[in-house]
Amino acid sequence: MELSLHRLRMLRELSRRGTVTAAAASLHYTASAVSQQLAQLERDVGAKLFERFGRRVQLTELGLLLTEHAEEILGSVERATLALEEAQETVSVRLMAGVWASVASGLLPHALTALAGAHPGIQVRTRELAPEDTADAVRDGELDLSFVIDYSDAPMPWDTGLERAVIAVERLHAAVPAGAVPAGSTSLPELAEHPWILASPKSHFGRAVRTACHRHGFEPKINHEVEEQSTAMAMVRAGLGVTLVSDLGLGLRPPGIDVVALTTPLLRTVSIAYRTTTSRRPALQLVIGAVRDAAVALGLGTEPALP
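For the sequence shown, UniProt numbering assigns the number 1 to the initial residue and increments by one for each residue that follows.
Structure (structure tokens):
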């Protein structure tokens with residue numbers, strides 16, 4: 001019997017997600033492709049590994065047994081990869097990183113250019129995800145590392161199987177139509193009467209800003225829900241409302257809007273998340289160092305805003 005690592009990963013995802021569709025989405029395959037590979041795994045094993053109940057899938061006893069061993073096998077492969085990297089005098093490896101727009105535009109160009117010059121054997125590929133989804137993708141093995149955020153008013157739940165390295169601490173600023181706030185600074189309560197442009201409460205950013213507004217005694221009047229800071233600022237430019245923008249997001253600022261400091265700072269910590277089992281990977285630590293250097297070059301501090 002020969003067991004494919006590729007198919008074992010699919011079985012593990014099926015166990016975690018409960019449906020073929022969800023497993024396929026997490027692995028970025030079609031549901032039919034995953035179904036075909038799982039069917040082939042059953043043929044390889046010579047036994048039934050799961051049963052369907054409507055859209056849900058339940059593993060058989062043999063399926064559960066193989067899933068337990070799949071965790072051990074895939075963990076061993078990860079440890080073997082680490083041992084080989086540590087034994088090599090030069091680092092040559094490919095890493096997949098989870099990013100979002102302001103990180104990809106504000107930090108990565110400088111960091112990856114510097115990394116390529118110093119360590120050409122390290123290739124970093126990126127995948128853009130919603131910030132609240134990146135840590136799960138690392139935990140599940142889809143990514144080697146990801147950028148994650150914690151807001152001073154809304155810290156993120158943390159998985160004990162992950163570690164994080166603080167990269168930078170950003171301030172949030174008010175982005176307002178030109179001339180709407182004549183003073184050099186403002187407070188959240190002073191923005192209460194303006195219409196707001198804000199991400200949905202399902203997003204970490206949207207929840208954090210709403211929590212900060214509630215703490216200051218008001219409910220923001222949200223006229224437009226958009227997820228990207230660049231989109232929100234374009235709508236600010238059109239005079240449709242106000243929003244908050246981070247230090248890194250300022251790089252996406254269009255002309256014709258004012259950025260005003262908040263008198264009571266609202267902070268967010270940008271970190272890189274990675275699996276505890278990979279913390280000694282030389283390539284990972286070199287990537288973290290390059291991104292930290294890029295943050296320092298932008299004048300961002302590293303004192304975390306975590307509680």
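Each residue gets a CB set at the ideal place from its N, CA and C atoms; glycine is no exception.
Indicate whether residue i and residue j have their beta-carbon atoms separated by less than 8 Å.
{"i": "residue 188", "j": "residue 248", "result": "no"}
{"i": "residue 146", "j": "residue 23", "result": "no"}
{"i": "residue 129", "j": "residue 287", "result": "no"}
{"i": "residue 26", "j": "residue 148", "result": "no"}
{"i": "residue 162", "j": "residue 70", "result": "no"}
{"i": "residue 291", "j": "residue 101", "result": "no"}
{"i": "residue 121", "j": "residue 92", "result": "yes"}
{"i": "residue 50", "j": "residue 59", "result": "yes"}
{"i": "residue 294", "j": "residue 41", "result": "no"}
{"i": "residue 250", "j": "residue 105", "result": "no"}
{"i": "residue 195", "j": "residue 223", "result": "yes"}
{"i": "residue 185", "j": "residue 260", "result": "yes"}
For residue i, I'd like the list of residues in its chain whose CB is within less than 6 Å of its CB, leaving aside the five on either flank, ordered along the chain.
{"i": "residue 239", "result": "177"}
{"i": "residue 34", "result": "10, 20, 23, 24"}
{"i": "residue 336", "result": "Residue 336 cannot be examined here, being either before or after the span of the chain that is shown, 1 to 307."}
{"i": "residue 245", "result": "173, 175, 229"}
{"i": "residue 109", "result": "none"}
Can you give me the start and stop residues for the alpha helix (DSSP H) that residue i sits inside?
{"i": "residue 110", "result": "108-118"}
{"i": "residue 214", "result": "204-215"}
{"i": "residue 173", "result": "No alpha helix (DSSP H) contains residue 173, which is instead part of the beta strand (DSSP E) from 162-177."}
{"i": "residue 309", "result": "Residue 309 is absent from the model: the chain starts at 1 and stops at 307."}
{"i": "residue 131", "result": "131-139"}
{"i": "residue 148", "result": "Note, residue 148: premise wrong, no alpha helix (DSSP H); beta strand (DSSP E) at 145-151."}
{"i": "residue 42", "result": "31-45"}
To the nearest angstrom, report how far apart residue i and residue j are at their CA atoms.
{"i": "residue 181", "j": "residue 299", "result": "26 Å"}
{"i": "residue 11", "j": "residue 276", "result": "22 Å"}
{"i": "residue 241", "j": "residue 265", "result": "21 Å"}
{"i": "residue 200", "j": "residue 134", "result": "18 Å"}
{"i": "residue 159", "j": "residue 94", "result": "24 Å"}
{"i": "residue 32", "j": "residue 140", "result": "21 Å"}
{"i": "residue 183", "j": "residue 132", "result": "34 Å"}
{"i": "residue 174", "j": "residue 79", "result": "46 Å"}
{"i": "residue 236", "j": "residue 62", "result": "57 Å"}
{"i": "residue 233", "j": "residue 97", "result": "26 Å"}
{"i": "residue 219", "j": "residue 213", "result": "6 Å"}
{"i": "residue 226", "j": "residue 3", "result": "45 Å"}
{"i": "residue 221", "j": "residue 142", "result": "38 Å"}
{"i": "residue 297", "j": "residue 48", "result": "56 Å"}
{"i": "residue 164", "j": "residue 156", "result": "12 Å"}
For my contact list, residue i and residue j are in at a C-beta cut-off of 8 Å; report their separation, rounded to the angstrom.
{"i": "residue 269", "j": "residue 166", "result": "6 Å"}
{"i": "residue 211", "j": "residue 153", "result": "4 Å"}
{"i": "residue 14", "j": "residue 171", "result": "Wrong, their Cβ atoms sit about 43 Å apart, outside the cutoff."}
{"i": "residue 144", "j": "residue 284", "result": "7 Å"}
{"i": "residue 103", "j": "residue 301", "result": "Their Cβ separation, rounded to whole angstroms, is 16 Å, which puts residue 103 and residue 301 out of contact at 8 Å."}
{"i": "residue 45", "j": "residue 66", "result": "7 Å"}
Leaving out five residues on either side along the sequence, give the residues of the same chain with a beta carbon under 7 Å from the beta carbon of residue i.
{"i": "residue 82", "result": "278, 280, 281"}
Once you ignore the five residues that flank residue i on each side, which residues in its own chain have a CB closer than 8 Å to its CB?
{"i": "residue 5", "result": "73, 74, 77"}
{"i": "residue 56", "result": "18, 19"}
Against chain D, with Cβ distances strictly below 8 Å, would residue i count as a contact?
{"i": "residue 176", "result": "Any reference to chain D falls outside this structure, which holds one protein chain only."}
Following the continuous beta strand (DSSP E) through residue i, name the residue where it begins and the one where it ends.
{"i": "residue 351", "result": "Residue 351 is absent from the model: the chain starts at 1 and stops at 307."}
{"i": "residue 195", "result": "195-198"}
{"i": "residue 7", "result": "No beta strand (DSSP E) holds residue 7; the alpha helix (DSSP H) holding it covers 5-17."}
{"i": "residue 321", "result": "Nothing can be reported for residue 321: it is not among the residues displayed for the chain, which extend from 1 to 307."}
{"i": "residue 258", "result": "257-262"}
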